[in-house]
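A.B. asks: One structure, pasted below without further comment.
In our numbering, the protein residues as written are 35 to 285.
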């Protein structure tokens, strides 16, 4: 049998499929298992990117706020997250969280009550349901990597409150992207000296001492308990991002 092409795909010998792509598309008979195949998943992935880009393209300067979904409303960290959300809005930022409960809910609450853009990027999980009530614009994602892209693309900095594995994942993803120059450098602030000091000590005394990272990698992180200091860093970074006008050439 001759070589056969299906779009950009070359098929030969035993790999040649019967019929044509158009025929399979237009034929309504048979199993619906095709909606669970990888090529169809690619279309769902593409749709998530399109929806995310469309929804967030005009939100303006934004800061991502991460933290534990298990933070109780009466916890100290909940109040800090609420202050962070409110203060960021007061400085002209939109607030983007993972849209869940706990610290994320608190940051969304602070942003919403301050009259700002309170954004939630949710994810399909077996143990969390829906976006919190303080999300004013929300997107639910099937795929973590599509959701992460939205955080990195539309946030100009990250404020990270005490959290668990999901929070660690977002933190180290952000640091890796900055370290490898995949994204423009942006501030990363850890809120909670008592909570994060042990991690930073390990990074310094074990990881850095063992030559696994450079000292400059630790310089990407600021540790504080001061909400105003964290927000001031975001404001300063925004000022640095404003492009300098190009002087007009004399005629």
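Just so it is clear, CB atoms sit at the ideal spot from N, CA and C, and this is done for glycine as well.
Treat the numbers as computed from the prediction; the structure is a model and nothing was measured.
1) Leaving out the 5 sequence neighbours to the left and right, which residues in its chain are closer than 6 Å to residue 93 when beta-carbon positions are compared?
2) Comparing C-alpha positions only, which one of 99, 88 and 72 sits nearest to residue 34?
3) Going by DSSP, what residue range makes up the beta strand (DSSP E) through residue 30?
4) Closer than 8 Å is the cut-off here; do at least three beta carbon pairs connect the stretch 185-197 with the stretch 226-245?
5) Are the stretch 171-180 and the stretch 78-98 in contact at 8 Å, needing three or more beta carbon pairs?
6) Considering just the uninterrupted stretch of the beta strand (DSSP E) at residue 154, what are its terminal residues?
7) According to DSSP, is residue 131 helix, strand or coil?
8) So what's residue 224 in DSSP terms, helix, strand or just coil?
9) Under the DSSP definition of a beta bridge, which residues are partnered with residue 96?
10) Label residue 241 either buried or exposed according to how many other C-beta atoms from any shown protein chain fall within 10 Å of its C-beta, with 16 as the threshold for buried.
11) Could you please give the first and the last residue of the uninterrupted alpha helix (DSSP H) stretch that includes residue 84?
12) Among the residues of its own chain, which have a CB less than 7 Å from the CB of residue 143, if the five just before and after it don't count?
13) Have a look at 88, 201, 135 and 147 and flag the residue whose alpha-carbon is nearest the alpha-carbon of residue 165.
14) How many angstroms separate the CA atom of residue 131 from the CA atom of residue 214?
15) DSSP on residue 169, reduced to helix/strand/coil?
16) So, helix, strand or coil for residue 142, using DSSP?
17) Under three-state DSSP, which class holds residue 118?
C.D. replies: Concretely, from the data shown:
1) Position 59 of the chain shown, counted from the start, is the residue given in the question as residue 93. Hits under 6 Å: 128 and 151.
2) Since the displayed the chain opens at 35 and closes at 285, residue 34 lies outside it and no answer follows.
3) It is not possible to answer for residue 30, since the shown part of the chain is limited to 35 through 285.
4) As far as the Cβ criterion goes, the stretch 185-197 touches the stretch 226-245, which means the pair count is three or higher.
5) Counting C-beta pairs closer than 8 Å gives three or more between the stretch 171-180 and the stretch 78-98, which meets the contact rule.
6) Here the question's residue 154 lines up with position 120 in the chain shown. 152-157 is the extent of the beta strand (DSSP E) around residue 154.
7) Here residue 131 corresponds to residue number 97 of the chain shown, with the count starting at 1. Assignment of residue 131 by DSSP, reduced to helix, strand and coil, places it in the strand class.
8) Here residue 224 is taken as the residue at index 190 of the chain shown, counted from 1. DSSP places residue 224 within a strand segment (E or B) once states are collapsed to three.
9) On the chain shown, residue 96 is found 62 positions in, with the first residue counted as 1. 128.
10) As a position in the chain shown, residue 241 is number 207, starting the count at 1. The residue in question, residue 241, is exposed, as its Cβ has fewer than 16 Cβ neighbours within 10 Å.
11) Within the chain shown, the letter at position 50 stands for residue 84. Per DSSP, residue 84 is one residue of the alpha helix (DSSP H) stretching across 72-90.
12) Within the chain shown, the letter at position 109 stands for residue 143. Apart from the 5 residues on each side of it in sequence, residue 143 sits with its Cβ closer than 7 Å to the Cβ of 116, 119 and 168 in its chain, given in chain order.
13) Stepping through the chain shown from its first residue, residue 165 is reached at position 131. Looking at the Cα atoms, 135 is the closest of the given residues.
14) Here residue 131 refers to the residue found at position 97 of the chain shown. Here residue 214 refers to the residue found at position 180 of the chain shown. Pairing residue 131 with residue 214, the inter-Cα distance amounts to about 24 Å.
15) Taking the chain shown and counting its residues from 1, the one referred to as residue 169 is at position 135. If DSSP states are grouped into helix, strand and coil, residue 169 belongs with coil.
16) Counting from one through the chain shown, the residue named residue 142 turns up at place 108. It is helical.
17) Residue mapping note: residue 118 aligns to position 84 of the chain shown, counting from 1. DSSP places residue 118 in helix when its eight states are reduced to three.
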